[in-house]
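Structure first, then comments.
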Amino acid sequence: MNEYELERYSRQLLLANFDVAGQMKLAEASVLVIGLGGLGNIAATYLATSGFGRLLLADGDLLEVSNLPRQVLYDESQVGTHKVIAAAEQILQKNPTVKVETITEALSGEQLEKAVKKVGVILDCTDNFTARKSINRACLKYKKPLVSAAAIRWEGQLVSFLYHQQTSLCYECLYPSLSDQQLSCNESGILSPVVGLLGVYQALEAIKLASGCGEVKHGALRLFDGFSGQWRTMQLTKDPQCLACSVENQ
């Protein structure tokens with residue numbers, strides 16, 4: 001590490017269980033952030049400013065005025081711009097040493113698998129079940145750790161799957177079937193700090209996975225109620241009939 005990096009990350013380096021070794025692992029790490037909305041813009045910001053070496057950002061949407069209350073990485077001058085382009089511009093201003101790659105379309109099929117294969121950690125920050133299902137299956141196929149979050153109304157949830165270590169259960173064990181409409185904040189609404197909080201937690205999980213510092217539990221579902229300010233945690237169990245990770249479908 002050079003003198004600038006020692007100064008920039010000095011507060012992280014003070015952590016006895018992180019130190020220079022953890023910071024150097026972050027500098028060598030790569031992450032795919034799928035969806036640069038309320039979750040992804042917050043998560044990507046913290047990953048970049050914390051010293052992640054390479055960020056691959058994917059989203060096909062353009063920035064709208066209605067996004068601004070909860071997507072605080074952006075500003076009004078960027079409305080109408082691709083979210084990933086706007087995010088890359090802002091991130092590079094915050095940390096010009098990070099490498100940022102952008103994909104200005106929704107990932108699917110071979111393109112999704114190609115993106116998953118080239119990084120170390122995947123963050124699912126999408127807002128529809130069709131995308132979540134495809135992302136889960138790609139991460140499961142290539143044994144890549146997946147950090148998935150969602151937020152709607154006053155509630156949020158976070159769950160990590162350590163597919164590089166085990167495939168005893170997966171995202172589809174939790175949600176074997178779910179309509180995209182049930183996940184839409186366009187219809188149900190969302191309180192901005194709730195989705196921001198979940199994005200921060202996604203970044204934290206990714207940092208722990210990339211640095212090897214801190215505990216990340218496979219399949220531990222965390223549920224947040226912003227109205228009461230309470231968290232609940234439950235350990236998921238495998239669905240023996242799961243179409244994604246059951247033995248018959250491996």
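Residue numbers are given in our numbering: position 97 of the sequence shown equals residue 97, and the series is strictly consecutive. Using N, Cα and C, we set each Cβ at its ideal position, and we do this for glycine too.
Between residue i and residue j, which are expected to be in contact by the criterion C-beta below 8 Å, what is the C-beta distance as a whole number of angstroms?
| i | j | result |
| --- | --- | --- |
| Leu123 | Gln202 | 5 Å |
| Tyr74 | Val116 | Not really, about 26 Å apart at Cβ, beyond 8 Å. |
| Ala29 | Ile91 | Incorrect: roughly 15 Å between the Cβ atoms, too far for contact. |
| Leu169 | Val159 | Actually they are not in contact, since the Cβ atoms of Leu169 and Val159 sit about 10 Å apart, beyond 8 Å. |
Name the two residues that bound the continuous beta strand (DSSP E) containing residue i.
| i | result |
| --- | --- |
| Arg54 | Arg54 to Ala58 |
| Val33 | Ser30 to Ile34 |
| Lys99 | Lys99 to Ile103 |
| Ala106 | Taken as a continuous stretch (DSSP letters only), Ala106 belongs to no beta strand (DSSP E), as it is neither H nor E. |
| Asp127 | Premise fails: Asp127 is in no beta strand (DSSP E) and is neither H nor E. |
| Asp225 | Ala220 to Asp225 |
Would you mind stating whether residue i and residue j have Cβ atoms separated by less than 8 Å?
| i | j | result |
| --- | --- | --- |
| Tyr163 | Pro145 | yes |
| Leu32 | Val119 | yes |
| Thr237 | Leu221 | no |
| Leu63 | Gln78 | yes |
| Tyr9 | Gln23 | yes |
| Phe224 | Leu204 | no |
| Ala43 | Gly219 | no |
| Phe52 | Leu26 | yes |
| Glu113 | Ala138 | yes |
| Asn128 | Ala244 | no |
| Glu155 | Gly38 | no |
| Ile85 | Thr104 | yes |
| Leu209 | Thr167 | no |
| Ser50 | Ile207 | yes |
Which stretch, first to last residue, makes up the alpha helix (DSSP H) that contains residue i?
| i | result |
| --- | --- |
| Ala87 | Lys83 to Lys94 |
| Gln230 | Note, Gln230: premise wrong, no alpha helix (DSSP H); beta strand (DSSP E) at Gln230 to Gln235. |
Is there a Cβ of chain D sitting closer than 8 Å to that of residue i, yes or no?
| i | result |
| --- | --- |
| Gly80 | You won't find chain D in this structure, because it holds only one protein chain. |
Checklist entry - Of all the beta strand (DSSP E) runs that stay within the bounds of the stretch 142 to 211, which reach a length of 3 or more residues? => result 146 to 152 and 155 to 161
Checklist entry - With a cut-off of 8 Å, do at least 3 Cβ pairs link the stretch 124 to 142 to the stretch 212 to 224? => result no
Next on the checklist: Does the stretch 142 to 155 come into contact with the stretch 50 to 64, if we say contact requires no fewer than three beta-carbon pairs (one atom in each stretch) closer than 8 Å?
Outcome noted: no
Checklist entry - Given 8 Å as the limit, is there contact between the stretch 64 to 80 and the stretch 188 to 201, that is, 3 or more CB pairs closer than that? => result yes
Checklist entry - Whole beta strand (DSSP E) runs in the stretch 1 to 45 with 3 or more residues, listed along the chain? => result 30 to 34
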